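Novice:
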Amino acid sequence: MVGLDDLKTPKTNTWCPGCGNFGILMAFKKALIELGLKREDSVLVSGIGCHGKMVNYVNINGFHGIHGRALPLAQGIKLANPNLTVVGFAGDADQYNEGWGHFAHAVRLNIDMTLIVHDNMVLGLTTGQATSTSQQGFKSKSTPFGVIPPMLNPLAHALVSNGTFVARGFSGDMLHLKSLIVQAIQHRGFAFIDVFQPCVSFNYLNTYDWFRQRVYKLEEENHDVTDQKKALEKALEWGDRLPIGVFYNKERPTYHDNLEHLKGENLTKFPSKNVDIKSTMKEMT
Amino acid sequence: MTVNKLSLMVGGEAGAGISRSGFLFAKACLRGGLYVFGANDYQSLIRGGHNFYTVTVCDQKVYCQADKVELLVALDKQTILLHKDELVSGAGVIYDQDQITVTKEELGRDDINQYHVPLRKIVKELDGPSIMENTVALGAANALLDYDPEILNQVLRDTFKPKVAELNIEAAKQGYSYAKENYRNDFEYKLKKTGSEGKNRIFVAGNEAIALGALNAGCKFYAAYPMTPATSILHFLAPLDREYKMLVIQTESEIAAINMVAGASYAGARAMTATSGGGFCLMTEALGMIGMSETSPVIVLVQRPGPSTGLPTYTGQGDLRFAIHASQGEFPRVVIAPGNVEECFYNTVEAFNLAEKFQIPAIVISDKYLAESNGTTEPFDQNKTRIDRGQLVTENKYTGKEDYMRHKFTENGISARALPGTTGAIVRTNADEHNELGYTTEDPVLSTKMADKRFKKLDALTRELEGYETVKFYGPKEATATVIGWGSTKGPILEAMNVLSKQGVKVNYLQILYLCPFPVSKVRDILQLAKKTIVVENNKTSQLSSIIQEQLLTSVDFKILKYDGRPFNPEALARSIQEVL
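Top to bottom, those sequences are chains V and Y.
Position one of the first sequence corresponds to residue 186 (my numbering), numbered consecutively onward.
Position one of the second sequence corresponds to residue 1221 (my numbering), numbered consecutively onward.
#1: Taking 6 Å as the limit between beta carbons, can you name the residues of its chain near Y/GLY1644, skipping five residues before and five after?
#2: Across the segment 297-311 of chain V and the segment 191-199 of chain V, are there enough close Cβ pairs to call them in contact, namely three or more that are closer than 8 Å?
#3: In the DSSP assignment, find the alpha helix (DSSP H) that holds Y/ALA1361 and state where it starts and stops.
#4: Can you give me the Cβ contacts of Y/PRO1349 inside the same chain, cut-off strictly under 8 Å, excluding the 5 residues immediately before and after it?
#5: Assuming contact is defined by CB atoms lying nearer than 7 Å, are Y/VAL1282 and Y/PHE1257 in contact in what I supplied?
#6: Entirely within the segment 217-265 of chain V and at least 3 residues each: give me those beta strand (DSSP E) ranges in chain order.
#7: For Y/ILE1266, count neighbouring Cβ atoms within 10 angstroms of its own Cβ and tell me buried if that reaches 16, exposed if not.
#8: Any idea what DSSP makes of Y/GLY1499, helix, strand or coil?
#9: Return helix, strand or coil for Y/ASN1333, following the three-state DSSP convention.
#10: Could you check which residue in V/LEU217, V/TYR242, V/VAL271, V/HIS236 has the C-alpha nearest to that of Y/ALA1484?
#11: Taking all protein chains shown into account, decide if Y/ARG1404 is buried (16 or more other Cβ within 10 angstroms of its Cβ) or exposed.
#12: Roughly how far, in whole angstroms, is the beta-carbon of Y/ILE1519 from the beta-carbon of Y/ILE1583, given that I think they are within contact range, below 8 Å?
#13: Is it true that the CB of Y/VAL1569 sits closer than 7 Å to the CB of Y/ALA1437?
#14: For chain Y, check one thing: does any of its Cβ atoms lie closer than 7 Å to the Cβ of V/GLY286?
#15: Between the beta-carbon of V/THR316 and the beta-carbon of V/ALA255, is there less than 7 Å?
#16: For Y/ASN1436, return the contacting residues in chain V, with the cut-off set at a CB-CB distance below 8 Å.
#17: So for Y/THR1661, helix, strand or coil by DSSP?
#18: For Y/GLU1622 and Y/PRO1552, I'd like the C-alpha separation in whole angstroms.
#19: Taking the straight line between their C-alpha atoms, what separation do you get for V/THR319 and Y/THR1495?
#20: Taking C-alpha atoms, which residue in V/LEU362, V/ILE251, V/GLN368, V/ALA369 lies nearest to V/GLN382?
#21: Since V/PHE375 contacts V/PHE350 with CB under 8 Å, what's their CB separation in whole angstroms?
#22: Considering only residues of the same chain and omitting the five flanking positions on each side of V/ALA275, which have a CB-CB separation below 6 Å?
#23: Exposed or buried, what is V/GLN260 when buried is set at 16 or more other beta-carbons lying within 10 Å of its beta-carbon?
#24: Does any residue of chain Y bring its CB to less than 7 Å from the CB of V/LYS215?
#25: Helix, strand or coil: which one does DSSP assign to V/CYS384?
#26: Mind pulling the chain Y residues with CB within less than 8 Å of V/ASN241?
#27: Under 9 Å, CB to CB, which of the residues in the segment 1481-1501 of chain Y have a partner in chain V?
#28: Quick check: is the beta carbon of V/ALA341 nearer than 7 Å to any beta carbon in chain Y?
#29: Listing by chain order, which chain V residues have their CB less than 7 Å from the CB of Y/PRO1599?
#30: Please identify the residue among V/VAL460, V/LYS467, V/CYS201, V/GLU468 whose C-alpha is closest to the C-alpha of V/LEU310.
#31: In the segment 1348-1363 of chain Y, which residues sit with their C-beta less than 7 Å from some C-beta in chain V, listed in chain order?
#32: Grab me the residues of Y/TYR1255's own chain with a C-beta within less than 6 Å of its C-beta, minus the 5 sequence neighbours each way, in chain order.
#33: First and last residue of the beta strand (DSSP E) that includes V/ARG353?
#34: For chain V, check one thing: does any of its Cβ atoms lie closer than 7 Å to the Cβ of Y/PHE1243?
So, in structure tokens, the structure goes:
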């Protein structure tokens, strides 16, 4: 059985003291332990940004990829070896700016994996610029007079594109987030969690206190997670009250389910000899 | 009378089944035991415009299209006007004078045989779709050439569903009868089927040969976004995914495709993607990640002329430097340029082996001309290929005393791969500079060591390639000049050498298949014996010349460059070679 000690790595953590990432890191580790997943069978994939360092802080298989591309990298791993549990981590600029195209398609593809977005509504590692989830009017180094366009709504986007598991967590509520991650990994299909993650260095607006005053839990309001329209209504809610929890959870066939010929196939098995192609060449005579 | 030496061209608007009918005729020649080369010239549009397909037939091996055409099947007037000067004296033109009128002035020459065949009328009487006019014309061509019509019938049966096949066979028959009755023995070019020795030969395009190489090599994962002229690899593999139990996926972009194959390769699958220059631009960032993380996918770069969108359906070799240098930073890679369909097959298998053995990206660089032209070859010999997946922790359990290190320092820089899922091994890798365990590092000493480790693999690769056919040499040892080329110029160069040798001009030819790492000593050995050197390339700046200069500190004497999107024609190339000599 894996414990917290097994998941520890020798790397010194370099996140700012109080960073919202700590809550996500601990929630993820605890979720792995609760699910009893073997370290060797789990893969952590990350993009670029503060979140990307997750690979250094969890002692499971990992691939620290490039900016915005955690999703296709993770998809390739899962498609090649469906026996692995694959969890992708991304930042808000990473996923919603640079990697937005992949996000839209990952929701449609419904490959059985989890995506957790560290959404601090600012670019941290590049020292404070706006992202697509920065609030309108948010002043940053790149937007000294305030962000002009309205913020992007990833949850609503996921829902209208037939996402099968759409959730939002808050890194200030680690245990609640852990339960979301557990459900997401257990979900058969593409599970997406956006996580409110305060950046203590560059987001002066969306602080722990700011979130604490606003978040409420959907499960405490008898929200029906199988009702897509209700979920969308909740996803559009932004203001004094901000819902967290599972917005929507309804399975549909995964990408693999539609690949009858790959049932039970592990594409990583070593071909020890040439694959016979005679029948295909015969067609070309 | 000329027997079994013919170039036939089918031309018309897009949507008229030009390439299909050219292909069918080529297949009929192939099955008659003849050697065939089929080249498809088309524009970036779906209807209208001008497309043509040339079928070059010979009873001996044919390496490329010919300069001249003996028989032209014109499905529109434009075809005649555009190609009349390519016709040999005594050539034939099959067309429907009910639809097309060509005046004497327009044709401008009187040494051409015009064969009217009422294509439209015949199709109408058969109550068939107008696209079938090309089949009527093929039937007429068979009659003029005195070629056994039953062979085409069988090709039609193998190509179409029974009902459509029968209708087409009837159409071909009518065209055949019409031409036989009206133009009996009029035409001086003939085709005769040969014995049965060619029965097993295949008619295969470069892209298909690459796809077959991938299948042979155990590629189980193909991800790509459509882009001409790489798309036909996707088209070829997609319907085969069930038979070969592989995954073929069309991704949202080239960026997704290359990241996916990187992921699949990390997981342990043999994975490939293919694209053209524009898509390769999008892939370059991930290419660096593949170099850094020491993963091993195969990337096929099928060139077309640039810059930017350029000539999207034509050919060029302007991306050689790009393939060798793409992505920021420095990392080893292998860049292989096959020159014909056989090499497309065998080099692709080699690419998979080298990628995994040295844990580097392998780039197979080709171009539209090679990718979409069909050549005749014996079936690829699978006994000549082997699978080498390099150093692997193959047991299901890793039992090393120390923690498994994905990027462990070793003598030759190669760290044994464990695949995720191996008990006892945590497989961690990183696009950031990293330590042996795959954890991010910014340490200057470790960073230097890691870069050195990656480049030790280049040394090992270079040693390994000494045993590979990285260059090929053709022609007499003693010659007036040595022609140097890479990739698809091979066919035209070999044919041009034939033309020159008939004129008593002796040249030999150095083909460089491995461009990176560059086979310095092999190229030097050959060039030291060369009296004069001529680089032949389909680009503007002669990128190969500059690479030779850089690697050997030698300038080449002459450059013959063509960058109009079209391949070299052999006779024209032979003339250019004579001119520089």
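C-beta atoms are modelled at their ideal positions from N, C-alpha and C, and glycine is treated no differently.
All values reported here derive from a predicted model rather than from experimental measurement.
Specialist: In short:
#1: The sequence position of residue 1644 of chain Y within the second sequence is 424, counting from 1. Around Y/GLY1644: LYS1617, TYR1618.
#2: no
#3: Taking the second sequence and counting its residues from 1, one reaches residue 1361 of chain Y at position 141. 1353-1365 is the span of the alpha helix (DSSP H), which, as asked, contains Y/ALA1361.
#4: For the purposes of this step, residue 1349 of chain Y is taken as the residue at position 129 of the second sequence. Only VAL1343 meet the Cβ criterion.
#5: Walking along the second sequence from the start, residue 1282 of chain Y turns up at place 62. Walking along the second sequence from the start, residue 1257 of chain Y turns up at place 37. It is a contact, given that the beta carbons lie within the stated cut-off.
#6: 227-231, 246-249
#7: For the purposes of this step, residue 1266 of chain Y is taken as the residue at position 46 of the second sequence. So Y/ILE1266 ends up on the exposed side.
#8: In the second sequence, counting from the first residue as 1, residue 1499 of chain Y sits at position 279. Helix at Y/GLY1499.
#9: Locating residue 1333 of chain Y in the second sequence gives position 113, where the first residue counts as 1. DSSP places Y/ASN1333 in strand when its eight states are reduced to three.
#10: Translated into positions along the second sequence, residue 1484 of chain Y becomes position 264. Checked all of V/LEU217, V/TYR242, V/VAL271, V/HIS236; the closest Cα to Y/ALA1484 is V/VAL271.
#11: The residue given as residue 1404 of chain Y occupies position 184 in the second sequence. Y/ARG1404 comes out exposed.
#12: Here residue 1519 of chain Y refers to the residue found at position 299 of the second sequence. Here residue 1583 of chain Y refers to the residue found at position 363 of the second sequence. Right, their Cβ atoms sit about 5 Å apart.
#13: Within the second sequence, the letter at position 217 stands for residue 1437 of chain Y. Within the second sequence, the letter at position 349 stands for residue 1569 of chain Y. Their beta carbons are under 7 Å apart, which means Y/ALA1437 touches Y/VAL1569 by this criterion.
#14: Stepping through the first sequence from its first residue, residue 286 of chain V is reached at position 101. Yes - at least one Cβ of chain Y is within 7 Å of the one on V/GLY286.
#15: Working through the first sequence from its first residue, we reach residue 316 of chain V at position 131. Working through the first sequence from its first residue, we reach residue 255 of chain V at position 70. Cβ atoms of V/THR316 and V/ALA255: not closer than 7 Å.
#16: Position 216 of the second sequence, counted from the first residue, corresponds to residue 1436 of chain Y. The contacting residues are ASN459, VAL460, ILE462.
#17: Residue 1661 of chain Y sits at position 441 when you count from the first residue of the second sequence. Correct three-state label for Y/THR1661: coil.
#18: By 1-based counting over the second sequence, the position of residue 1622 of chain Y is 402. By 1-based counting over the second sequence, the position of residue 1552 of chain Y is 332. Y/GLU1622 and Y/PRO1552: Cα-Cα distance of roughly 28 Å.
#19: Within the first sequence, numbered from 1, the residue matching residue 319 of chain V stands at position 134. Within the second sequence, numbered from 1, the residue matching residue 1495 of chain Y stands at position 275. As written in the sequence, residue 319 of chain V is Ser, which differs from the Thr given in the question. If I take the Cα positions, the gap works out to 36 Å.
#20: The residue you call residue 382 of chain V lines up with position 197 of the first sequence. Looking at the Cα atoms, V/LEU362 is the closest of the given residues.
#21: Indexing the first sequence from 1 puts residue 375 of chain V at position 190. Indexing the first sequence from 1 puts residue 350 of chain V at position 165. Confirmed, Cβ separation roughly 7 Å.
#22: Residue numbering aside, residue 275 of chain V sits at position 90 when the first sequence is read from its first letter. Same-chain partners within the cutoff: GLY232, ALA255, VAL302.
#23: By 1-based counting over the first sequence, the position of residue 260 of chain V is 75. Buried is the call here.
#24: As a first step, residue 215 of chain V is located in the first sequence; it is residue number 30 there, counting from the start. No - not a single Cβ of chain Y is within 7 Å of the one on V/LYS215.
#25: Your numbering for residue 384 of chain V matches position 199 in the first sequence. Coil, per DSSP.
#26: Numbered from 1 along the first sequence, position 56 holds the residue referred to as residue 241 of chain V. Correct list: TYR1659, THR1660.
#27: VAL1481, ALA1482, GLY1483, ALA1484, SER1485, TYR1486, ALA1487, GLY1488, ALA1489, ARG1490, ALA1491
#28: Taking the first sequence and counting its residues from 1, one reaches residue 341 of chain V at position 156. Output row for V/ALA341: interface = no.
#29: For the purposes of this step, residue 1599 of chain Y is identified with residue 379 of the second sequence, where counting begins at 1. Those within 7 Å of Y/PRO1599 in chain V are MET466.
#30: For the purposes of this step, residue 310 of chain V is taken as residue 125 along the first sequence, with counting starting at 1. Comparing Cα positions, the closest option is V/CYS201.
#31: none
#32: Looking up residue 1255 of chain Y in the second sequence gives position 35. These residues qualify, in order along the chain: CYS1278, LYS1281, VAL1282, THR1596.
#33: Within the first sequence, residue 353 of chain V is the residue found at index 168, counting from 1. First-last of the beta strand (DSSP E) with V/ARG353: 350-355.
#34: The count along the second sequence starts at 1 and reaches residue 1243 of chain Y at position 23. Judged by the 7 Å Cβ criterion, Y/PHE1243 is not in contact with chain V.
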